[in-house]
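Chains as they are written, first to last, in this note's numbering: chain A, 1 to 498; chain B, 1001 to 1498.
Below you can see the structure in the form of structure tokens.
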């Protein structure tokens, strides 16, 4: 029996899924396991996988198969139709750029990422400039090709890679809303917090093994399946791997357990999304996470909405105290609650509180548009960074390691990614509000360490949707509203200015 | 400027090298890192990489390029000519089997390997039979195809995959020599050792972290470069990865540090070979290790010839004693020397002493020929195993976990591999004898913990030769003799019946 066009496409995309899965594990290995001396060979491996994937996706027959399957799409189920739409979108991105560019881009980003690790450790931005400049140039070339092919701006063409369908006009609207709100709100919060007593910090050192065990305990309680994933250490925490084998990383500070623990919970939100993707569609585009906005909504829902709620802290603080044998006023429940809700402008985005975090993102949004347009040469980035930090957050990084070297995104070619963090924060607030409305006695469950109801709600409304619908459709079905700032602002007011 | 046929081949083989490197890291990950739930997806990834490699290697143009390059080979350097010969051999192996078989074989071996881990842990051979039977059937099909294509026996066709050019007639001759020697020699050694006092064992538990640190210390002293490799843990110790990023694994027993330490030293011998392969040829076939005989010669040279020598133990024992804070008669230098030279028939091949080890290999050589010919159905393996163990070593495994389930080779499809262990032992003895003849004051260097002279000799005579010559040529140049049993027998007599 001969296969239909659609079935042939499924076979090809299944092979592509295996290649991208191999790549994902190798990327994780590069960050969590690989000795430095392996980096050149690894770059070759990843570039070869990228090029082969690109060749497979852009082979002439794919276009014919897509057209044939689309002309007969009434015969398909709704999930198959959605899968076909996702295939078309992947094909559209792949055919917009040629194989040489894909290969050069893969090599350049690998080299630049490795250099970034070194540059950050040595606080030496100058050493990163040549390799990062290569990456930015190649990103510009890629954005120009996609802009031409899709008829959108170069920036929107890149944005579409991370959040399909999203355009800067939407971001501009939402960010303007926040810019009208935050500058007035932040000083009130700071004033309110300044009026109370200083927050004593629990004193370390905090054993790394104990920190890791505690992280694993919370991961397990939240529903992370260690038969389908691991927890390791890397410079820059991330969630990688594949849905059947999620590789989550964090970093530890023996003087401060608080950041690492919340970092682990953040990544756990990402990991639960991956592990909850529709199991029948694991090797197909429709089975992938919808986009970075929903992905970040899941991490922030766990880290910010859930894990800093009074009911979660009532559950978690006794466990934290036991793990570190904490004793004294610094370990009081009320003190730890205030510690986890402390708002303060700081240098590091991933350590930022939820009030100041959007300002970190706005800075990056402005600068990455300037990097892409060419208005901002890479060499001028430190000065531009420091000036924006001063204007948005009122502070200036003492070193580039605490400034423009802190993130791996740009050195690895990810432009158009940062805004999804804040859109994700908005979506998280909206989803958590809806979950609270729809799940009876959720706060009591959380206080009792019972997270099954919340996970089940997220599975149904977000995870198991995969890419079968758009982000807006998924949000509208779950929360009865399009993505907006209302729930986020209401959440901040209720939590920080009650 | 258009590329010559040879240059085009180099480009294609460079891409193949990147794919096989990706595969090697993923194989290591499967054994050392991956959670069980990732195994099905991993099998798909590895199968896809195998199929793509096979497709790349067997694409019609390869045959034309090989012919064109060979017709113009006088224009090539001797290394390029050797590289071309190795390319031809890889192509010959690949074109003998079709892509469907390659894919089915990759899937079947992944599934069977995972099942083997479970079966061994549960001592449940029956649970492995169906999947291992699939693997044996596919191996038979592959051997038949290669036998037909090469005009050799099916067993020799498989053997050629691990040790190019080797034939069973050679093995039969060398093994017959050993069969005439060992049955008379072993009882004399056992009698001699029985006549002395019992060897008291150092008492544990031995902290795993301390064992690992000690292993790393010896690895470093021997010349292992941790900037190009790692040490981790797996069920079955092995050396994987790529020359620029060697992934070595071992396993630990908290009741007995001795086996793990020697296991680590064994793998270090393999790792030094990989790290020492010619750096200019990293991505080409001629840059690969020559074959499994020389590979095993390097591990056994380090583990058996070097690390159990009195001069090495004089260097190592004080460090071992310090690490474990050992005290009392069990930790005496003489006792530990006797411990490391203890000869005793045992169940486990990888833990065997060098006198009884060849008997383990002979057992496997006999049985794998019977598995391949079909004379021995997989289900009958436990009985056949136990009967051979009784006849060759005079002992019967109490469980299959200690018997036919101990090795990963057959469940993963490696038939024709085992004999190379003993040929490697012969080569190790021959090379170590030559090194001692050619390096002045080698024993004194070793006693002082100076291994640079030995490593440099091995680099020149073995490692840096890559696959530029045959195993026989490399051995003849280094030791002025073809592979034989004389040096091995002389070594055993000198060490065990002085």
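Every residue, glycine too, gets a C-beta built ideally from N, C-alpha and C.
Ranking B/1013, B/1266 and B/1026 by CA distance to the CA of residue 19 of chain A puts B/1026 first. Separation of the CB atoms of residue 1217 of chain B and residue 1265 of chain B is rounded to 11 Å, and the pair is thereby denied contact status at 8 Å. In the three-state DSSP reduction, residue 1246 of chain B falls in the strand class (E or B). For the C-beta of residue 1045 of chain B, the chain A residues within less than 8 Å are, from N- to C-terminus, 18, 19, 21, 22 and 25.
Per the coordinates, the alpha-carbon of residue 282 of chain A lies some 15 Å from the alpha-carbon of residue 229 of chain A.
The criterion of a C-beta distance shorter than 8 Å is satisfied by residue 250 of chain A and residue 215 of chain A. For residue 232 of chain A, the enclosing beta strand (DSSP E) stretches over residues 229 to 233. Taking 8 Å as the threshold, the shortest C-beta distance from residue 1048 of chain B to chain A falls below it. One alpha carbon belongs to residue 479 of chain A, the other to residue 431 of chain A, and they sit about 6 Å apart. Here the segment 1129 to 1146 of chain B makes contact with the segment 1362 to 1377 of chain B; the two share three or more CB pairs at distances below 8 Å.
Residue pairing by DSSP places residue 1239 of chain B opposite B/1248 in a beta bridge.
A distance below 8 Å separates the beta carbons of residue 1459 of chain B and residue 1276 of chain B.
When only Cα atoms are considered, residue 1014 of chain B and residue 1284 of chain B end up about 6 Å apart.
Look at the segment 317 to 342 of chain A and you find no whole run of beta strand (DSSP E) that is 3 residues long or longer.
Residue A/149 holds the alpha-carbon nearest to the alpha-carbon of residue 92 of chain A among A/60, A/48 and A/149. In this structure, residue 1231 of chain B and residue 1212 of chain B form a Cβ contact; the two beta carbons are roughly 7 Å apart against a cut-off of 8 Å. Looking at the backbone, the Cα of residue 1291 of chain B and that of residue 1163 of chain B are separated by about 5 Å. For residue 74 of chain A, the number of other beta carbons within 10 angstroms of its own is below 16, and it is reported as exposed. Sequence-distant Cβ neighbours of residue 247 of chain A in its own chain, meaning closer than 6 Å and more than five residues away, are 28, 230, 240 and 241. For the pair residue 209 of chain A and residue 267 of chain A, the Cα-to-Cα distance works out to about 18 Å. Neighbours of residue 52 of chain A across chain B, judged by C-beta separation under 7 Å: 1052.
Per DSSP, residue 463 of chain A is not a residue of any alpha helix (DSSP H), being assigned neither H nor E. Taking 8 Å as the threshold, the shortest C-beta distance from residue 35 of chain A to chain B falls below it.
With 16 or more other CB atoms across the displayed protein chains lying within 10 angstroms of its CB, residue 1120 of chain B is buried.
Identification of residues in the segment 1221 to 1245 of chain B having a C-beta nearer than 9 Å to some C-beta of chain A yields 1225, 1226, 1227, 1228, 1229, 1230, 1232, 1241, 1242, 1243, 1244 and 1245, given in sequence order.
With contacts defined by Cβ atoms closer than 8 Å, residue 116 of chain A and residue 411 of chain A form a contacting pair. Taking 3 residues as the minimum length, the segment 55 to 97 of chain A contains no beta strand (DSSP E) run wholly inside it.
With respect to the C-alpha of residue 1183 of chain B, the residue from B/1300, B/1362, B/1375 and B/1463 having the closest C-alpha is B/1362. Under a criterion of Cβ atoms nearer than 7 Å, the residues of chain A adjacent to residue 1041 of chain B are, in order, 21, 242, 244 and 245. The beta carbons of residue 1483 of chain B and residue 1475 of chain B sit closer together than 8 Å. Using a Cβ-Cβ distance cut-off of 8 Å, the segment 1386 to 1399 of chain B and the segment 1349 to 1365 of chain B are in contact, since at least three pairs of beta carbons, one from each stretch, lie closer than that value. DSSP places residue 263 of chain A within a helical segment (H, G or I) once states are collapsed to three. Closest option to residue 416 of chain A, judged by alpha-carbon separation, among A/223, A/157, A/462 and A/206: A/157. A distance below 8 Å between beta-carbons, with the five flanking residues on each side excluded, links residue 125 of chain A to the following residues of its chain, in chain order: 119, 381, 382, 400, 404 and 405. Closest by C-alpha distance to residue 1260 of chain B, out of B/1298, B/1244, B/1235 and B/1245, is B/1235. Interface criterion met: the Cβ of residue 29 of chain A is under 8 Å from a Cβ in chain B.
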